[in-house]
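Data block below; observations after.
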Amino acid sequence: MKIGLIGCGNIGQFLLESLNMDSFLDGSRIDAVFVRDKKGYEDLANRCRTRLYDDFQAFLQSDTDLIIEAATVQSVKQYAPDILRHGKDILIISVGALADRSFFEELKALSELNGRKIYLPSGAIGGLDVLKAAQSTGQLESVTLTTRKPASSLTDEPVESEQVLFDGPAFEAISQFPKNINVSIILSLAGIGAEKTRVKIVADPHVNKNIHAIEAKGDFGKLTLNVENNPMPKNPKTSYLAALSVLSALKNSHDWLEIG
Ligand SMILES: NC(=O)C1=CN([C@@H]2O[C@H](COP(=O)(O)OP(=O)(O)OC[C@H]3O[C@@H](n4cnc5c(N)ncnc54)[C@H](O)[C@@H]3O)[C@@H](O)[C@H]2O)C=CC1
Ligand SMILES: O=C([O-])CC(=O)C(=O)O
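Put into structure tokens, the structure is as follows:
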């Protein structure tokens with residue numbers, strides 16, 4: 001599989017090194033990387049033997065089958081439609097972009113029209129298999145997510161003791177914290193939608209992990225899941241599991257065995 005990558009930050013660099021240097025997935029590598037400014041990325045691109053682009057149209061024309069977005073919610077809105085129109089699959093990590101219902105419908109139509117697929121990795125959480133199964137013919141009554149992160153990842157204000165910064169529906173959470181709560185949208189998409197999924201965001205000066213507590217109730221019974229994520233050193237807002245989940249989604253996309 002020939003892969004293109006948008007964004008060469010924390011997750012992007014991890015993917016480049018895993019796929020191009022450590023050969024995580026036989027036969028798959030990142031052949032093209034889109035950055036807004038090439039300065040500072042040449043050494044990495046040489047080491048990983050990949051081509052750098054700062055012109056998006058030239059990047060789109062490059063010989064790739066799948067584009068991975070590892071940039072921002074805004075960049076998904078900006079680039080994803082063109083990627084599908086150019087007949088390429090896309091893997092989106094800034095899934096918060098799909099909270100916008102009309103954008104979601106636009107991507108759905110483009111995906112169908114062009115026969116292309118959109119992959120959404122599980123990111124920094126789990127339990128999506130449970131929600132999807134619980135929804136199949138049964139009723140899922142409620143889904144709640146409580147996210148607790150080091151205060152410095154959530155706010156520039158000094159925080160002495162734990163503080164609830166947000167309590168409300170997922171679609172509002174992602175619009176206020178687009179770099180911190182993409183997990184709420186993947187949870188919404190697997191479950192009961194971004195209006196009904198309740199989210200609480202807690203800034204905690206005493207933790208050094210990104211902790212996501214999920215509770216769901218329905219016909220199936222009850223789910224409680226607590227993921228205590230190690231943050232990534234280059235961007236502590238982001239959990240290591242989120243980067244790993246991209247590798248896992250890539251592997252799943254062409255594995256002979258589908259689990260879950
Ligand atoms: N789904 C999930 O569970 C999770 C999603 N995320 C999201 O994944 C994304 C990437 O995370 P990190 O790598 O940690 O962030 P990062 O901030 O380290 O890297 C993002 C990179 O994208 C670049 N960028 C921004 N706009 C761009 C554009 N228009 N075109 C090209 N490049 C652009 C930035 O310059 C930066 O180098 C973020 O949106 C983050 O919120 C992060 C953690 C979990
Ligand atoms: O990495 C995490 O723990 C969650 C995160 O930043 C996001 O969902 O945007």
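Take 1 as the starting number for the sequence shown in UniProt numbering and just add one per residue. C-beta atoms are modelled at their ideal positions from N, C-alpha and C, and glycine is treated no differently. Please read all numbers here as calculations on a predicted model, not as lab measurements.
Euclidean distance between Cα positions of residue i and residue j
| i | j | result |
| --- | --- | --- |
| residue 233 | residue 112 | 39 angstroms |
| residue 11 | residue 243 | 6 angstroms |
| residue 143 | residue 246 | 24 angstroms |
| residue 202 | residue 9 | 25 angstroms |
| residue 184 | residue 38 | 32 angstroms |
| residue 68 | residue 6 | 6 angstroms |
| residue 13 | residue 219 | 42 angstroms |
| residue 128 | residue 190 | 6 angstroms |
| residue 240 | residue 87 | 31 angstroms |
| residue 146 | residue 258 | 29 angstroms |
| residue 168 | residue 175 | 12 angstroms |
| residue 235 | residue 24 | 22 angstroms |
| residue 197 | residue 170 | 6 angstroms |
| residue 105 | residue 81 | 11 angstroms |
Where the beta strand (DSSP E) through residue i begins and ends
| i | result |
| --- | --- |
| residue 139 | No beta strand (DSSP E) contains residue 139, which DSSP labels as neither H nor E. |
| residue 29 | 29-34 |
| residue 261 | No information on residue 261 is available, as it lies outside the stretch 1 to 260 that the chain covers here. |
| residue 257 | That residue, residue 257, is in no beta strand (DSSP E); it is neither H nor E in DSSP. |
| residue 125 | Looking at the DSSP string, residue 125 is not in any beta strand (DSSP E), and its letter there is neither H nor E. |
| residue 40 | Segment: none, residue 40 is in no beta strand (DSSP E) and carries neither H nor E. |
| residue 5 | 2-6 |
CB contact flag (residue i, residue j, <7 angstroms)
| i | j | result |
| --- | --- | --- |
| residue 96 | residue 73 | yes |
| residue 92 | residue 66 | no |
| residue 123 | residue 186 | yes |
| residue 99 | residue 216 | no |
| residue 2 | residue 26 | no |
| residue 229 | residue 251 | no |
| residue 159 | residue 231 | no |
| residue 84 | residue 60 | no |
| residue 225 | residue 214 | yes |
| residue 4 | residue 50 | no |
| residue 237 | residue 182 | no |
| residue 199 | residue 173 | yes |
| residue 227 | residue 125 | yes |
Segment limits, alpha helix (DSSP H) that includes residue i
| i | result |
| --- | --- |
| residue 11 | 10-16 |
| residue 154 | 151-154 |
Minimum length 4: unbroken alpha helix (DSSP H) runs contained in the UniProt domain "Aspartate dehydrogenase" (160-247): Qualifying alpha helix (DSSP H) stretches, in chain order: 170-176, 182-190.
What ranges does the alpha helix (DSSP H) occupy inside the segment 43-113, keeping only unbroken runs of at least 4 residues that lie completely in it? If only complete runs of 4 or more residues are kept, the segment 43-113 shows the alpha helix (DSSP H) at 56-61, 73-85, in order along the chain.
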